[in-house]
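At position 302 of the sequence shown (counting the first as 1) the number is 302 in the UniProt record's numbering, and the numbers step up by one without a gap. Ideal placement from N, C-alpha and C gives every residue a C-beta, glycine not left out. Presented below is the structure to which this report refers.
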Amino acid sequence: MKRLAKWRLISLFAILALILSGCGEPFLSTLQPAGEVADMQYGLMKLSTYIMVGVILVVMIIFVLVFFRFRRKDDKIPKQVEGSHKLEIIWTVIPILLLLILAVPTVAATFKLADVSKMDQKNTKALVINVRSHLYWWDFEYPGQKIVTSQELVVPTNEKVYFSLKSMDVKHAFWIPAVGGKMDTNTDNINKFWLEFDSKKADEAGNLFYGKCAELCGPSHALMDFKVKTMSRDQFDSWVKAMQNVKEPQKADSAVAQQGQEIFNKSCVACHAVTPQNNKPEAARLAPNLTNFGDRSRVAGILDHNKTEIKNWIRNPETYKPGNKMTGKYPEMSEDQLNALSEYLMGLKVQQ
1 MKRLAKWRLI SLFAILALIL SGCGEPFLST LQPAGEVADM QYGLMKLSTY
51 IMVGVILVVM IIFVLVFFRF RRKDDKIPKQ VEGSHKLEII WTVIPILLLL
101 ILAVPTVAAT FKLADVSKMD QKNTKALVIN VRSHLYWWDF EYPGQKIVTS
151 QELVVPTNEK VYFSLKSMDV KHAFWIPAVG GKMDTNTDNI NKFWLEFDSK
201 KADEAGNLFY GKCAELCGPS HALMDFKVKT MSRDQFDSWV KAMQNVKEPQ
251 KADSAVAQQG QEIFNKSCVA CHAVTPQNNK PEAARLAPNL TNFGDRSRVA
301 GILDHNKTEI KNWIRNPETY KPGNKMTGKY PEMSEDQLNA LSEYLMGLKV
351 QQ
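So, in structure tokens, the structure goes:
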């Protein structure tokens, strides 16, 4: 009875796992590729899966045939023979052929994905983005456009986007499951790779993809998310121009927001920038750039983008991201101060 109860429990968990595997939003999985890199990686996954399943099926068929055809019917010891040279050649050659079938496209794809020569050219016209990972947020610098943003990566579709990856504290990993990756961000060297975002798939995903840290980096590793906004090249150029036009902190547009701006200037501006220019060395960027905070889709990368969640985050960030570097860096605020500050932050939008 105990064994039966255990099997029932295991069966229940297996069914729940199967049901939950179908949950979630579109384009959160590598099984829904939305770009050239993801397509190549998905193709390699399918190829290796087909080979493994094929091998398992062949072995199982041979096992069943041998089991029934050559099963013992008496106590006589069967005739002892040496190994068959023909069989030995067959089961040596077949794995080698399967390995070649898997290795050739894998090596070819690896060299293609590793080709970042275009981003290293002098005066390159390729879009290059410097990704800098922190505990537990992301910094995105566009050196060719001379702007910086955080937490939400903005990219054009249907063209290669090159990434230069580095960590500012511990090892992290940059990963956009539906588009490609993942690649480690290290403290002592820079990793480079490229991605391409398919416009049709981007439209299906609402022009918003999800990115994550894929390397265990601390207590809030699972909460180190970022969002990727995709748009056409013309829209991207307009966004870049709008960001470049922000030369100084945006002025508050109401009395409450003005009060919030004063609070921000006293308590927050030492860490958070509200202009997108990359005039600060990356090592000096202590916290996410908030220039276009009002245009974003999440607070701290994980909370709904509204004033209530902004206040919840500021009130106690440790509740939402344990081990973050914002906790304890500013004085406790009253409800009126939180209302004013959230009003100001929601007004930080870039007009295109």
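Own chain, CB closer than 6 Å to residue i, minus 5 neighbours either side, in chain order
i: ALA126; result: LYS118, MET119 and TYR162
i: CYS217; result: VAL170 and HIS172
i: SER164; result: ASN130, ILE190 and LYS192
Residues near residue i by beta carbon distance below 8 Å, same chain, minus five either side
i: ARG296; result: GLN151, GLU152, LYS227 and HIS305
i: ILE61; result: none
i: LEU98; result: ILE51 and VAL55
i: THR106; result: LEU44
i: LYS247; result: THR275 and GLN277
i: residue 359; result: Missing from the structure shown is residue 359; the chain here goes from 1 to 352 and no further.
i: TYR320; result: LEU223, ALA300, ILE302, LEU303, ASN312 and TRP313
Inter-residue Cα distance where the pair is residue i and residue j
i: VAL104; j: PHE236; result: 37 Å
i: ILE263; j: ILE314; result: 12 Å
i: VAL274; j: PRO249; result: 6 Å
i: LYS100; j: LYS86; result: Sequence check: residue 100 is Leu here, not Lys. Those two C-alpha atoms are separated by around 21 Å.
i: LYS160; j: ARG233; result: 12 Å
i: LEU9; j: ILE129; result: 49 Å
i: THR185; j: LYS166; result: 5 Å
i: SER254; j: GLU343; result: 9 Å
i: VAL220; j: ASN123; result: It should be noted that the sequence gives Ser, not Val, for residue 220. About 39 Å.
i: ILE90; j: ARG69; result: 21 Å
i: GLU141; j: PHE293; result: 16 Å
i: GLU204; j: SER84; result: 57 Å
i: HIS326; j: PRO177; result: Reading the sequence as shown, one finds Met at residue 326 and not His. Taking the straight line from one Cα to the other gives about 28 Å.
i: PHE59; j: ALA284; result: According to the sequence displayed, residue 59 carries Val and not Phe. Rounded to whole angstroms, VAL59 to ALA284 spans 59 Å at the Cα level.
i: PHE197; j: ALA34; result: 6 Å
i: ASN245; j: LEU341; result: 24 Å
i: GLN258; j: SER238; result: 28 Å
i: MET183; j: PRO143; result: 20 Å
i: LEU102; j: VAL53; result: 14 Å
i: residue 367; j: ASN207; result: Examination of residue 367 is not possible in this model, given that the chain is present from 1 through 352 alone.
Neighbourhood of residue i by C-beta distance below 7 Å, restricted to the same chain and skipping five residues each side
i: TYR330; result: SER267 and CYS268
i: ALA109; result: MET40 and LEU44
i: TRP138; result: VAL131, SER150, GLN151 and PHE226
i: ALA252; result: GLN258, GLY260, GLN261, TYR344 and GLY347
i: HIS134; result: MET168 and ASP169
Closer than 7 Å: residue i CB and nearest the ligand NAD heavy atom
i: VAL131; result: The model depicted lacks the ligand NAD and carries no ligand whatsoever.
According to DSSP, residues forming a beta bridge with residue i
i: residue 356; result: Any property of residue 356 remains undetermined from this structure, which presents the chain solely from 1 to 352.
i: HIS172; result: THR185
i: ASP225; result: LYS212
i: SER164; result: ASN130 and LYS192
i: PRO322; result: DSSP lists no partner for PRO322.
i: LEU44; result: Partner(s): none; LEU44 has no beta bridge.
i: PRO156; result: MET231
Reduced DSSP category for residue i - H, G, I as helix; E, B as strand; rest coil
i: GLY211; result: strand
i: residue 374; result: As shown, the chain starts at 1 and ends at 352. That puts residue 374 outside it, with no answer to give.
i: VAL93; result: helix
i: PRO281; result: coil
i: GLY180; result: strand
i: PRO317; result: helix
i: THR308; result: helix
i: ARG298; result: strand
i: PRO105; result: helix
i: VAL256; result: helix
i: THR30; result: coil
i: LEU303; result: strand
i: ILE77; result: coil
i: GLU82; result: coil
Best match in the options for proximity to residue i [C-alpha to C-alpha]
i: VAL154; options: CYS213, ALA202 and PRO281; result: ALA202
i: VAL131; options: ILE96, PHE174, THR106 and ASN123; result: PHE174
i: ALA222; options: ARG285, VAL148, GLN258 and ILE302; result: ILE302
i: TYR136; options: PRO288, LEU348, ASN312 and LEU345; result: PRO288
i: PRO281; options: THR49, PRO33 and LYS146; result: LYS146
i: ASP336; options: ASP115, ALA38, ASP225 and THR308; result: THR308
i: GLY180; options: MET333, ILE15 and SER29; result: SER29
i: PRO156; options: LYS73, LYS200 and ILE19; result: LYS200
i: ASP188; options: THR319, MET168 and ASP198; result: MET168
i: TYR210; options: TRP194, LYS229 and SER11; result: LYS229
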